[in-house]
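Report on one structure; see the data block that follows.
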Ligand code: ATP
């Protein structure tokens, strides 16, 4: 799959603060890539570097397989600050101003207003907009020119639940049209609901990256029962990934060192003469995984 963004070993320091520390990551075409980390973990700094708003102290990055240039910048839309438009002007006029700055025609304006659900309000003043509508106008403005990549920094910050839902739907819709999306967020829930891939940052370092579905697939325990519980307990201790167990009244909870698939576990017992009467996987949530990663890297 085509690599849209490749970051190699980027570091950025502000005086004594190491905001980004040797960060490398790849974003492929069509991914909804989440950069997840607590406040101050270097998300905004990373986005500012890849958007050429600030310069890294070391490292490099490429857009669409080559060094960034004027052409690659035209293929990227971004919202990295709180929405700022002329308060007494309508969305249409504001977007015309943005189009002029970006050296684009006006033919895309109706499309982006429709996509963001603002078409009906296209002639009302920006100052009358709710915060959620302002945020959607910022997304509309980033979408002018139909960029291949959309970059959003904390897109739901400060929004009410309805505003959050609107932005989520909008992001998923844009992603559905094939646009690659990069989102920085400190909200696990947001990443879990929107993103296909995630990189977890802490103190400017990447702790982990991978598919959100794979992170979610990491199981840390199984609940098991069998007619002969004693045999179940003595057998499980021979499993190569066995870590520990907690006995219960009618079942046991078993913890493993590595990922174990249910069918493999079932086969293991069957081959060792134990017939399971119950097997259920306890999936670790992204939140648990995220907290563990942060905890191990204090
Ligand atoms: P948040 O979610 O709070 O925005 P973040 O993950 O986006 O956090 P950054 O804004 O990139 O993190 O900040 C990383 C570190 O760099 C923080 O310690 C921050 O205080 C520091 N920092 C960011 N910008 C500057 C600056 N212009 N001058 C000095 N320090 C800065």
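Residue numbers (this note's numbering): 313 to 610. Using N, Cα and C, we set each Cβ at its ideal position, and we do this for glycine too.
Check, Outcome
"Can you find the residues in the same chain that come closer than 7 Å, C-beta to C-beta, to residue 497, ignoring five residues on each side of it along the sequence?", "346, 348, 466 and 503"
"Could you tell me the alpha carbon to alpha carbon distance between residue 383 and residue 373, rounded to whole angstroms?", "15 Å"
"In three-state terms, what does DSSP make of residue 444?", "helix"
"Is residue 551 a contact residue of ligand 1, with contact defined as CB to any heavy atom under 7 Å?", "no"
"I'd like to check one pair, residue 399 with residue 439: are the Cβ atoms closer than 8 Å?", "yes"
"What span of residues does the beta strand (DSSP E) with residue 556 cover, start to end?", "554-559"
"Among 430, 406 and 402, which residue has its Cα nearest to the Cα of residue 437?", "402"
"Taking 6 Å as the limit, tell me which residues put their C-beta closer than that to any heavy atom of ligand 1, in chain order.", "326, 329, 331, 349, 351, 352, 353, 354, 355, 356, 357 and 498"
"With DSSP as the reference, label residue 367 as helix, strand or coil.", "coil"
"State the DSSP-derived secondary structure class of residue 338, mapped to helix, strand or coil.", "strand"
"How many angstroms separate the CA atom of residue 476 from the CA atom of residue 543?", "51 Å"
"What is the residue span of the alpha helix (DSSP H) that residue 576 lies within?", "574-583"
"Name the one or two DSSP bridge partners that residue 538 has.", "588"
"Which same chain residues, not among the five before or five after residue 516, have their C-beta less than 6 Å away from its C-beta?", "330, 331, 332, 333 and 354"
"Can you list, in chain order, the residues of its chain with a C-beta nearer than 7 Å to that of residue 551? Leave out the 5 residues immediately preceding and following it.", "580"
"Within this structure, are the beta carbons of residue 356 and residue 340 separated by less than 8 Å?", "no"
"Cβ of residue 582 less than 8 Å from any chain C Cβ?", "Included in the structure is just one protein chain, with no chain C present."
"Considering only DSSP beta bridges, list what residue 480 is partnered with.", "Answer is none; residue 480 lacks a bridge partner."
"Tell me the DSSP bridge mates of residue 611?", "For the chain, the structure presents residues 313 to 610; residue 611 sits outside this window and is missing."
"In whole angstroms, give me the CA-to-CA distance for residue 493 and residue 319.", "15 Å"
"Assuming residue 448 contacts residue 482 (C-beta within less than 8 Å), just tell me the rounded distance between them.", "7 Å"
"Hey, would you say residue 461 sits closer than 8 Å to residue 491, going by beta carbons?", "yes"
"Cβ of residue 407 within 7 Å of any heavy atom in ligand 3?", "The ligand content of the structure shown is limited to ligand 1, which means ligand 3 is not among them."
"Measure the C-alpha to C-alpha separation of residue 409 and residue 321 and round it to an integer number of angstroms.", "37 Å"
"Return the chain-ordered list of same chain residues with a C-beta closer than 6 Å to the C-beta of residue 558, the five sequence neighbours on each side being excluded.", "565"
"Take residue 621 and list the residues in its own chain whose beta-carbon comes closer than 6 Å to its own, dropping the five residues that flank it on each side.", "Nothing can be reported for residue 621: it is not among the residues displayed for the chain, which extend from 313 to 610."
"DSSP on residue 388, reduced to helix/strand/coil?", "strand"
"When burial is assigned at 16 or more other CB atoms within 10 Å of the CB, is residue 453 buried or exposed?", "buried"
"Whole angstroms is fine: what's the gap from residue 469's alpha carbon to residue 455's?", "19 Å"
"Please list the segments of the alpha helix (DSSP H) lying wholly inside the region 452-505, counting only runs of 4 or more residues, in order along the chain.", "473-488"
"Which one of 518, 519, 524 and 501 has the shortest CA to CA distance from residue 510?", "524"
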